[in-house]
Structures are given as structure tokens and as C-alpha cells.
Amino acid sequence: MSLLRKARKAFRARPAVSTDDVIPVRYWDYGYANGIMHFMLRFDRKLDADKLRSSLERLLARQDGWRRFGGRLRRNARGKLDYHVPANYTTQRPAMSYYHESHDMRLMQHPLAAHIPQAKPARTHGPRVVARVEDFLPLMRRPADPTEVDDYVDTDTSVLGLHLVTFRDATLVTLRGSHILFDGMGRKELLDAWSLTLQGRDDEVASPMECDPMASLGAPTLETAGWDTSSPGEEYQLADKRLGTRHEIILALRQVFDSIRLRRPVEEDRVVCVPEAYVDMLRKDALANLEPREMDDNHKGVSNSPRFVSDGDVLCAWWSRHVISSLLRAARTSSQTVCITNWMGLRGLLKQQAGLIPALEKRNALVANALVPVPALIASRELLGRPLGDIAAMLRQALQTLGTWPQVQALMRLQRGVNDKMGGVGPPIFGDAGMHMLICSNLTKAGFYDIDFSAAVAADDGDDQVAGPTPVSSSSATARLGRDRTKPAATATSPLEANHGLMGMATPTSVQAHLITKHMPSHLISPFSIMGKDAHGNYWIKGTLREEHWPKVEQSLLEEALIDRPEAS
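Numbering of the sequence shown is given in our numbering, commencing with residue 1212 and proceeding in unit increments.
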């Protein structure tokens, strides 16, 4: 950071409040600071905005780890970020920033909201691009909301914000904040705690861990942290594929050249719906293409059965193929390296470590960024030429071999070395200087479509329905399917009715996310997220690509659906 930039930041920074509690930002959270996440849930029920606001404020005011999320970001004397948490939240310094916009109309009458995709039985067999996330930003944020971490440092804005848009028959709930707070599973912990607080079940809320169980990950010595150090010196298996300084410079030059060539490339987040039947087809094809495992010295006792691949493995492989075939020239014959990186959650591994079990077993939640990148390298022609099952199995194998505790420690040691050298937080890069990178975040385990805000359903919800208003209660004997709330629960037959049967339930019918981040090398990286699986079994993918590449992807999806997997007549 230049001296001029440091001086400017010091001049703009707001003075600290002496009564604030100062909590350092955790080491492994620091690298996510510049990403500002907007996470929107659509509920096809009118929710009470005051109940939503007051319950979230009550959660953040608890005298435990939740208070941190009402803090403000400040830089300390070393230029590092700290949370400054008010001793008491007031109207002048609230626990969160808040905005509520109310429309006296149904959601489908609103020019933007009407186009938000909705969980419902798929009307077509094949996958399709259904929306552009940027179109919904006016419903997710205000123009003056923060777009970078310094917007928090320079103001007294809480790092967490709540943005509500209500209609007669629906509600859009958006959480906004720096990615420094938590990852997808951490966000789910917050939403679950909020739901319990809404229901008055405050005593069941899991408290966030106030210690940092990841603080010593990758440090030279781990004994004092309680880690299993049986293999402390294991080398990372892709260490020989790590880019050196020369190749990192070439990567940077590629990005500079690309920026000059395209001036201001337009990137778009678009939403893809993959119907349940299509996912089933992809999975069956993938398993059919897998060769049975053969017994050898490394797999004694393993039967000759197909290797396991998850829906996430299959979807990650499938989407990567569509992206690469649309981005790269002569992709089917190219030897260009493709690096497919999955973000792997660490919570399961952390719980297995003896030193952490007591803290995690006492209903404490790890509300933080607990992720490691797991890369898999393959040539473009192999990605597109080999069976889908082979690619899915390659991704699964990478997770199994690089996702062990010794390998995670080895990667974190490398990453700490990068941090110490560069003065920041960023993962080492594996592959070569000419590669294209895809980064997958699979949020299915978070179960965002199952969030229950029933306790916030407004008294006047459904007043404009043709069937007339229906009382809302936990013992309601009516089932819910879209906006038809008149069918008896005993006759419920759809997945939505079966899984969210009672009319009183308020669960999301759409999950949307948009990350504002600067300096993303779009020519080199194509990130995407598997947002989850809705009540009808459809999977939702959000991909980020340049505007000019999306028509090619849409054409690729159409050709696959119509030619390779025609619908039954």
C-alpha cells in the first residue's frame, strides 16, 4: 500500500469510540474483507418487517459471540482490521443498518420483482438460464450502500445490514455485509439463530465460538492449539504444481493485457435452473460411465462397485464443461490447463480434532470463514472429451486426497508463507501461467431453502387473494402450494406441500446472491455457486461470466437438452 494511500485512509478514518469493545478480525477471515455479499431470500408470504428487524436486533444484542456481528470495522495502528462493538446499541449506533421498502401491490405486479425466479415444478426437461441477478440489485441494496471494506472503515456503518422489500403477498429479505463475517455455512448459522429468536426460542440459539479454532492453522508449531500433529511435516500433494514468481507475473500480464483489450468488460451473474429429472439423468450417466474400482494394495476390501460421486460433483463437472466449451477457442482439442477449484468446508475436520471437541459440542457455532480451496487440474480437451463420470470422479478424488487433515495443514502452511511474503491473505496458486480457473462454491448443505420464518408472517398476509384471507397458525389444517392456500393438508401431493405442508410455513422460494468485489481477474477466473436444492428437487446455479459469453453458454445448454437428451413426446 502506498504512503499516499495510507495517509488518505488515516485522514478519512473515523475516530474510535472509547467505550467500544475491540475484537481483532480473525486471521483467516481477513482475506475475504473486500467482498461485499448481498444475499436475498424470497418468501411468498407477507412477513412483518418490525418482527424481522426487532428479532435480528435482539440476536445481535445478546451478551455472547453474536455481538461481534453488530460491530464496526476500524483499522488499528498496524493497519489491520478490528471490530469495534458498541457497549450498547442505540438509535444513533444500531446493531445493524436497516432499510424497509413497502409496496401496496402483489409481487407479480412489480416490474423487477416479478422476474425473480421461483421454486416450482419444472415446465421443461432441460436446464435453462432464467434470470440476471444484477437486474434485482435495486431490490437488494441502496445506491449508497458499501461496495468495499473502506466504506465501512470510513463510516460508522455496522458491518451487517438488513434490507426488506414487502408486498401484499410476498417479502424479499436481504442480508448485506462484508464477506469477512462468515462463509455460507456461517450465514446459515445466523439465519437459524434468527429463526429461533423470531419464535421466542432464544435459549435454543447456539452461541458463536468466541475463541478462534483456526488461529494456529498452518503455523510452524501447532502443539499448543491441541491439533493432531501425527503428520505435521506432510508435503502438499500439488506442491510441485505451485506457480513460481515468473508464472505469477505472466498471469498478471495476461490480466493487464485483457483489461486493456476490453477496457471495461461487463460481467454478469446469471441464474440457471437444473430440473430434478435432468440432474437424475446426469447422475445416472455419470455413474454408468465410471469404471468399477479394482482391488489393489491401496484399496483392500473395496468391492468392484461404481465409485461414489455426489450431485455436487456431477453438477460441478457438468457446469465446468459448458463454461470451458463456451470460453476457450478450439476447447475440444486444446491442451490449455483448466483448474477446477472446489471450496471445501472445514467444520467437519475441525470437529474431529480432539482439542476442539469440547468447544464445538457445547452448542457453539463456528460463525466464520472456514474454507480451503481444493484444486483439480485437467487439460481442456480431456475435460470435454472424457465421460462426465470421469470428471466428477476426479473432483471427488481431489476432495478425498487433498481434504485430509495433514493436507489441509500443509496447504495452510503454504498459504501463511504467501501471506507473510505479500502482506495480505490469499491462497497459493496451482497449475500453470496459461490456465483458466473455475471456482465452485457448493451451498447445498446449508439448506437455505429450508429457512423457516413462519413466526414473522404478517396478520394481513393474503388479504388480496381470490380465496380471501386465511388465518395463520402453527396448527393450520391448510396446505401451501404457490399461492393456493385452500387445499387440505391431507391431500398434499406435491414436494412443496409434502416438505412445507402447513399453510403457516414461510420458507424461501428463491435464493439469490451477488458479491461485489474489485480486482477479480475475469479473464482468468469463472466463479460459480450451486445455491442449493429447492422443495421440488431442482438445483440452482449462479454463474459469473462476461456478458458476451452467456449466449454461447445458453446455446450449449439448449443443444445438450434438445439433442443429447430429447424430451419424451
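Backbone N, C-alpha and C fix where the C-beta goes; we use that ideal spot for every residue, glycine too.
Quick caveat, the model's predicted, so the values are computed rather than measured.
State the CB to CB distance for the pair valine 1482 and lysine 1753, rounded to an integer number of angstroms; the pair is presumed to be in contact (CB under 8 Å). Start at 1 with the first residue of the sequence shown, and residue 1482 comes out as number 271. Start at 1 with the first residue of the sequence shown, and residue 1753 comes out as number 542. Confirmed, about 6 Å.
Query raised in the report: With 16 as the cutoff for other CB atoms within 10 Å, does serine 1313 come out buried or exposed?
Result: Start at 1 with the first residue of the sequence shown, and residue 1313 comes out as number 102. The residue in question, serine 1313, is exposed, as its Cβ has fewer than 16 Cβ neighbours within 10 Å.
Is the distance from the Cβ of aspartate 1672 to the Cβ of lysine 1331 below 8 Å?
The sequence position of residue 1672 within the sequence shown is 461, counting from 1. The sequence position of residue 1331 within the sequence shown is 120, counting from 1. Not closer than 8 Å, so no.
Item to check | First and last residue of the uninterrupted alpha helix (DSSP H) at tyrosine 1363 | outcome: Start at 1 with the first residue of the sequence shown, and residue 1363 comes out as number 152. Per DSSP, the unbroken alpha helix (DSSP H) holding tyrosine 1363 starts and ends at 1360 to 1364.
Notebook entry, point to check: So, tyrosine 1750 versus valine 1490, is the Cβ gap smaller than 8 Å?
Noted result: Sequence index remark: in the sequence shown, residue 1750 carries index 539 (1-based). Sequence index remark: in the sequence shown, residue 1490 carries index 279 (1-based). If you check the CB distance, tyrosine 1750 and valine 1490 come in under 8 Å.
Sufficient close CB pairs (3 or more, under 8 Å) joining the region 1302 to 1310 to the region 1319 to 1328: At 8 Å Cβ cutoff, the stretches do not touch.
>> Across the region 1582 to 1602 and the region 1549 to 1557, are there enough close Cβ pairs to call them in contact, namely three or more that are closer than 8 Å?
In response: Yes, since at least three Cβ pairs between the region 1582 to 1602 and the region 1549 to 1557 fall closer than 8 Å, the two stretches touch.
At which residues does the beta strand (DSSP E) containing proline 1738 begin and terminate? Within the sequence shown, residue 1738 is the residue found at index 527, counting from 1. Taken as a continuous stretch (DSSP letters only), the beta strand (DSSP E) holding proline 1738 covers 1736 to 1744.
Expected contact under 8 Å - CB spacing of leucine 1735 and glutamate 1478 to nearest Å: Looking up residue 1735 in the sequence shown gives position 524. Looking up residue 1478 in the sequence shown gives position 267. The Cβ separation is near 13 Å, so there is no contact.
Discussion item. For leucine 1318, tell me which candidate among Arg1379, Leu1613 and Asp1496 has the shortest Cα-Cα distance.
Written reply: If you number the sequence shown from 1, residue 1318 lands on position 107. It is Arg1379 whose Cα lies nearest to the Cα of leucine 1318.
Exercise. Which residues in the same chain have their Cβ closer than 6 Å to the Cβ of serine 1721, if we skip the five residues on either side of it in sequence?
Worked result: Indexing the sequence shown from 1 puts residue 1721 at position 510. Excluding sequence neighbours, serine 1721 sits near Arg1253, Ile1327, Pro1328 and Gln1329.
- List the DSSP bridge partners of glycine 1372. Here residue 1372 corresponds to residue number 161 of the sequence shown, with the count starting at 1. Beta-bridge pairing links glycine 1372 to Ser1308 and Arg1387.
Original post:
Straight-line CA distance for glycine 1444 to alanine 1621?
Top reply: Here residue 1444 refers to the residue found at position 233 of the sequence shown. Here residue 1621 refers to the residue found at position 410 of the sequence shown. Distance between glycine 1444 and alanine 1621, taken at the CA atoms: about 7 Å.
Notebook entry, point to check: Between the C-alpha atoms of serine 1406 and aspartate 1346, what's the straight-line distance to the nearest angstrom?
Noted result: As a working mapping, residue 1406 is identified with position 195 in the sequence shown. As a working mapping, residue 1346 is identified with position 135 in the sequence shown. Their backbone Cα atoms lie some 28 Å apart in a straight line.
DSSP three-state assignment for glutamate 1771, whether helix, strand or coil: Here residue 1771 refers to the residue found at position 560 when the sequence shown is read from its first residue. Looking at glutamate 1771 - three-state DSSP - the assignment turns out to be helix.
**Asked** Using the rule of at least 16 other Cβ atoms within 10 Å of the residue's Cβ for burial, across every protein chain shown, is alanine 1657 buried or exposed?
**Response** What you label residue 1657 is simply residue 446 of the sequence shown in a count that begins at 1. Alanine 1657 is classed as buried because its beta carbon has at least 16 other beta carbons within 10 Å across all chains shown.
**Prompt:** Which residue spans inside the region 1606 to 1664 form an unbroken beta strand (DSSP E) run of at least 3?
**Reply:** Segments of the beta strand (DSSP E) lying fully in the region 1606 to 1664: 1647 to 1653.
Quiz prompt | Cβ pair count under 8 Å reaching 3, the region 1280 to 1287 against the region 1760 to 1776 | solution = Counting C-beta pairs with one atom in each stretch, the region 1280 to 1287 and the region 1760 to 1776 have fewer than three that are closer than 8 Å, which means they do not touch.
| request: Inspect the CB distances between the region 1350 to 1367 and the region 1235 to 1243 and report whether three or more fall short of 8 Å. | output: No, the region 1350 to 1367 is not in contact with the region 1235 to 1243.
Practice prompt. Measure the C-alpha to C-alpha separation of histidine 1295 and leucine 1373 and round it to an integer number of angstroms.
Written response: Looking up residue 1295 in the sequence shown gives position 84. Looking up residue 1373 in the sequence shown gives position 162. Separation of histidine 1295 and leucine 1373 (C-alpha to C-alpha, rounded to the nearest whole angstrom) is 19 Å.
Requested in this report: Pull up the distance between the alpha-carbon of methionine 1555 and that of alanine 1581, whole angstroms please.
Outcome: Taking the sequence shown and counting its residues from 1, the one referred to as residue 1555 is at position 344. Taking the sequence shown and counting its residues from 1, the one referred to as residue 1581 is at position 370. About 8 Å.
Query - Which residues DSSP lists as bridging valine 1483, in chain order - result: As a first step, residue 1483 is located in the sequence shown; it is residue number 272 there, counting from the start. Beta bridge pairing from DSSP links valine 1483 with Val1340 and Ile1752.
**Asked** For the candidate residues Leu1263, Thr1382, Thr1615 and Arg1334, whose alpha-carbon lies nearest to that of aspartate 1315?
**Response** Numbered from its first residue, the sequence shown carries residue 1315 at position 104. Per the Cα distances, Thr1382.
Just to confirm, are methionine 1248 and glycine 1455 a CB contact at a threshold of 8 Å? To locate residue 1248, count along the sequence shown from 1; it is residue 37. To locate residue 1455, count along the sequence shown from 1; it is residue 244. Not in contact: methionine 1248 and glycine 1455 (Cβ atoms no closer than 8 Å).
Out of Asn1575, Asp1255, Asp1365 and Pro1424, which has the shortest C-alpha to C-alpha gap to aspartate 1663?
Within the sequence shown, residue 1663 is the residue found at index 452, counting from 1. The residue with the shortest Cα to Cα distance from aspartate 1663 is Asp1255.
- Item | C-beta contact flag for leucine 1401 and alanine 1667 at 8 Å | Working through the sequence shown from its first residue, we reach residue 1401 at position 190. Working through the sequence shown from its first residue, we reach residue 1667 at position 456. Annotated as distal: leucine 1401 and alanine 1667, with beta-carbon spacing of 8 Å or more.
Closest by C-alpha distance to threonine 1718, when choosing among Asp1403, Gly1645, Ser1545 and Asp1414 = In the sequence shown, residue 1718 corresponds to position 507, counting from 1. Nearest of Asp1403, Gly1645, Ser1545 and Asp1414 to threonine 1718, Cα basis: Asp1403.
Can you give me the C-alpha to C-alpha distance between methionine 1420 and phenylalanine 1393, rounded to a whole angstrom?
For the purposes of this step, residue 1420 is taken as residue 209 along the sequence shown, with counting starting at 1. For the purposes of this step, residue 1393 is taken as residue 182 along the sequence shown, with counting starting at 1. Taking C-alpha positions only, methionine 1420 is separated from phenylalanine 1393 by approximately 13 Å.
Note to self: Quick check: what's the CA-CA separation for alanine 1488 versus aspartate 1745?
What the structure shows: For the purposes of this step, residue 1488 is taken as the residue at position 277 of the sequence shown. For the purposes of this step, residue 1745 is taken as the residue at position 534 of the sequence shown. Rounded to the nearest whole angstrom, the CA to CA distance from alanine 1488 to aspartate 1745 is 13 Å.
field: Reference histidine 1533; option with closest CA among Ser1266, Gln1766 and Val1360
entry: Working through the sequence shown from its first residue, we reach residue 1533 at position 322. Distance check between histidine 1533 and each of Ser1266, Gln1766 and Val1360 places Gln1766 closest, using alpha-carbon atoms only.
Next on the checklist: For alanine 1260, report the span of its alpha helix (DSSP H) as first-last.
Outcome noted: To locate residue 1260, count along the sequence shown from 1; it is residue 49. For alanine 1260, the enclosing alpha helix (DSSP H) has its first and last residue at 1260 to 1271.
Just the C-alpha distance for valine 1360 and alanine 1288, rounded to the nearest angstrom, thanks. On the sequence shown, residue 1360 is found 149 positions in, with the first residue counted as 1. On the sequence shown, residue 1288 is found 77 positions in, with the first residue counted as 1. Taking the straight line joining both Cα atoms gives about 17 Å.
Considering just the uninterrupted stretch of the alpha helix (DSSP H) at isoleucine 1589, what are its terminal residues? On the sequence shown, position 378 is the one that residue 1589 refers to. Boundaries for isoleucine 1589: no alpha helix (DSSP H) harbours it, while the beta strand (DSSP E) harbouring it runs 1582 to 1590, taken from the DSSP string.
Close-in-space but distant-in-sequence residues of the same chain around asparagine 1653 (CB under 6 Å, 5 per side omitted): The residue labelled residue 1653 in the question sits at position 442 within the sequence shown. Hits under 6 Å: Gly1523 and Ile1741.
Close Cβ partners of arginine 1494 (< 8 Å) along its chain, the five nearest in sequence each way excluded: Here residue 1494 is taken as the residue at index 283 of the sequence shown, counted from 1. Around arginine 1494: Val1520, Asp1522 and Val1525.
### Query
With a Cβ-Cβ cutoff of 8 Å, do isoleucine 1461 and alanine 1644 count as a contact?
As a working mapping, residue 1461 is identified with position 250 in the sequence shown. As a working mapping, residue 1644 is identified with position 433 in the sequence shown. If you check the CB distance, isoleucine 1461 and alanine 1644 come in under 8 Å.
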